[in-house]
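Asker:
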Amino acid sequence: MVCGYSARGDMDSAKRLFEIAVAKGAENSVVCTAMISGYAKTGNADDARAVFDGMRVRDAATWNVMIGVYSGAGRAAEAVDLFKIMLETRARPKVEPNHTTISIIAAACAQCGLPTQASWIQDYVDRHMMLLNSHTVAALIDMHSKCGNIERALDLFCSWRQRDLICYSSMISALGMHGRGKDAIAVFNELCDNGFDPDEICFVSVLNACSHTGLIDEGRRYFKTMKDDYNIIPTVEHYLCVVDLLGRAGCIDEAYQMITHEMPKDIEPHAGIWGALLSACRTYSNVEIGEVAASHLFKLEPNNVGNYVLLSNIYANAKKWDGVQKVRALLRRQGMKKPPGWSQVDAEGSLREFITGELDSVLEAVLEILNWELKDHGYKPIIEDE
DNA sequence: GTAGGGTTAG
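In this text, residue positions in the first sequence follow our numbering: the first is 481, and each later residue adds one.
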């Protein structure tokens, strides 16, 4: 009964029964895990943790769900911390991470993008080879790629021989993200040669790879192949990729035509599509279509400052200063301000954040990393310990 | 009771 309520997200009912079970000493790890997982669905990480903390015996599934709660709530650092506690815990019988644990923790690590942590997880898996299966391999490929380490993703992909469609897709999007469209296409071809049928997500990955590498003819061809040879009906996501592909290549009119004339009427062009077009208009200084795209975006997501900034940049580039002023006035009237973009450096596992112009803090982080490397290799450090 | 891949921009 608790599982049933939990699965539906009815935590009030689940809790009522759960408390009776606890009072009678009848709760077990399955019921507790169901409770944790139910709180996760309602986005209540702290209530989930309270159940977790109250348990006397936790098995792997319990740990997995709890780690997954943090990961799913965007609290990736806490997910990784809890994974470490899972490894260190002295509970008997000892709980060992299983395939599910690795999949969850790899996804959490992909989310926070820390190469040091990614490397540490990979090292753990390398020492426990039985933790490899197609789920964990796909998740680990994704993790390395999102942490900036495409080579390690490739190593894993190449050494894993029992690839399924998702492993291939994961590798294709990894290569795409790293601007290696030709390699992504090679993996796509290998997938087909090995008798797999690419699905709609796989096509999104390969279209995206083409778009980010400027492989416009290949992208067009894959879009056609998808429809004609694989009978996949394009969704709004595929149109987004194609509009982006055309836009990045400078074919703004064609991209606009795609939205207004080629997309089926039952597919609503959402903010993503107009956003891709607007961005292309900024790159290629297209005021006319930029204004059209922006007008749609202002209706669809009036609070997204980025769209106003893009339009303003288009005007500025064309020296249309009255346009710039109009957009700025619009922002001011609504009290909107563009938050500065920021980035992070992984300084041996700890994050350094910086915004544009804060060159000093970037350099400081880089120097510190250099210093560690020097010390690691037995050289004299450039910064002396305090 | 728990797990993997995709989707605009600066």
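Every residue gets a Cβ at the ideal spot worked out from N, C-alpha and C, and that includes glycine.
Owing to the predicted nature of the structure, the values given are computational and were not obtained by experimental measurement.
1. Give the list of continuous alpha helix (DSSP H) stretches no shorter than 4 residues that lie fully inside the segment 483 to 523.
2. So does the segment 661 to 671 actually touch the segment 685 to 704, counting three or more Cβ pairs closer than 8 Å?
3. Taking only the alpha-carbon atoms, compute the straight-line gap between Asn674 and Gln642 and give it to the nearest angstrom.
4. So, under 8 Å CB-CB, Thr693 and Gly659 are touching, yes? Tell me the CB distance rounded to an integer number of Å.
5. Would you be able to state if there are at least three C-beta pairs under 8 Å between the segment 825 to 834 and the segment 802 to 809?
6. Is it right to say Pro714 is buried, meaning 16 or more other beta carbons lie within 10 angstroms of its own, or is it exposed?
7. Among residues of its own chain, excluding the 5 on either side of Val531, which ones have a beta-carbon nearer than 6 Å to its beta-carbon?
8. What does DSSP give as the partner residue(s) for Glu833 in the beta ladder?
9. Count the other CB atoms within 10 Å of the CB of Ile621; is the residue buried (16 or more) or exposed (fewer)?
10. Considering only their Cβ atoms, is the gap separating Gly628 from Pro595 smaller than 8 Å?
11. Cys647 and Ser614 - do their beta-carbons sit closer together than 8 Å?
12. For the alpha helix (DSSP H) containing Trp754, name the first residue and the last one.
13. Do the CB positions of Ile769 and Leu757 come within less than 8 Å of each other?
14. Would Thr616 and His579 be called neighbours here (beta carbons separated by less than 8 Å)?
15. Measuring only the C-alpha atoms, how far is Gly661 from Met609?
16. Check Val687 in the structure and name its three-state DSSP category.
17. Take Ala557 and list the residues in its own chain whose beta-carbon comes closer than 7 Å to its own, dropping the five residues that flank it on each side.
18. Is the beta carbon of Asn783 sitting closer than 8 Å to the one on Arg762?
19. By Cβ distance below 6 Å, which residues in the same chain neighbour Lys855 in space, the five residues on each side in sequence not counted?
20. Check whether the Cβ atoms of Ile835 and Gly858 lie closer than 8 Å to each other.
21. Could you check what DSSP says for Phe676 in three-state terms: helix, strand or coil?
22. If I measure Cβ to Cβ from Phe498 and keep anything under 6 Å in the same chain, skipping five residues before and after, which residues do I get?
23. Going by the CB atoms, is the gap between Ala559 and Tyr550 shorter than 8 Å?
24. With a cut-off of 8 Å on the beta carbons, I'd call Leu777 and Trp754 a contact; round off their distance for me.
25. Alpha carbon to alpha carbon, how far is Ala773 from Asp709?
26. Using a Cβ-Cβ cut-off of 6 Å (strictly less than) and excluding sequence neighbours within five positions of Gly716, which residues of its own chain qualify?
27. Find out if the Cβ-Cβ distance for the pair Asn544, Thr569 is shorter than 8 Å.
28. Would DSSP call Asn629 helix, strand or coil?
29. Enumerate in chain order the residues of its own chain whose CB-to-CB distance from Asp644 is below 7 Å, with the five nearest sequence positions on each side excluded.
30. List, from N- to C-terminal side, the beta strand (DSSP E) runs of 3 residues or more that fit wholly inside the segment 759 to 825.
31. Check each candidate in Pro573, Met743 and Tyr736 and name the one with the smallest Cα separation from Glu771.
32. How far does the alpha helix (DSSP H) with Lys704 in it reach, from first residue to last?
33. Quick check on the DSSP output: what are the complete alpha helix (DSSP H) runs of length 4 or more inside the segment 548 to 601, in order along the chain?
34. By Cβ distance, which residues of its chain are closer than 8 Å to Trp554, with the 5 residues on each side in sequence left out?
35. Tell whether a beta-carbon distance below 8 Å holds between Val785 and Leu810.
36. Please tell me whether Glu781 and Ala760 are closer than 8 Å, where the distance is taken between their beta carbons.
Answerer: Working from what's here:
1. 491 to 503 and 509 to 521
2. At 8 Å Cβ cutoff, the stretches touch.
3. 11 Å
4. 6 Å
5. no
6. By the neighbour-count criterion, in which 16 or more other beta carbons inside 10 Å mark a residue as buried, Pro714 falls on the buried side.
7. Cys512, Met515 and Ile516
8. Gln824
9. buried
10. yes
11. yes
12. Segment Ala751 to Thr763, the alpha helix (DSSP H) holding Trp754.
13. yes
14. Yes, the Cβ-Cβ distance between Thr616 and His579 is below 8 Å.
15. 31 Å
16. The sequence shown places Leu at residue 687, rather than the Val named in the question. Helix, per DSSP.
17. Cys592
18. no
19. Pro861
20. no
21. Note: Phe676 maps to coil in three-state DSSP.
22. Val482 and Met515
23. yes
24. 5 Å
25. 33 Å
26. Sequence inspection shows Val at residue 716; the Gly mentioned does not correspond to that position. Ile747.
27. no
28. coil
29. Ser614
30. Counting whole runs of 3 or more residues, the segment 759 to 825 contains no beta strand (DSSP E) stretch at all.
31. The option with the nearest alpha carbon to Glu771 is Tyr736.
32. Ile696 to Asp708
33. 556 to 568 and 579 to 592
34. Going by the sequence as given, residue 554 is Gly instead of Trp. Taken in chain order, the residues that qualify are Gln591.
35. no
36. no
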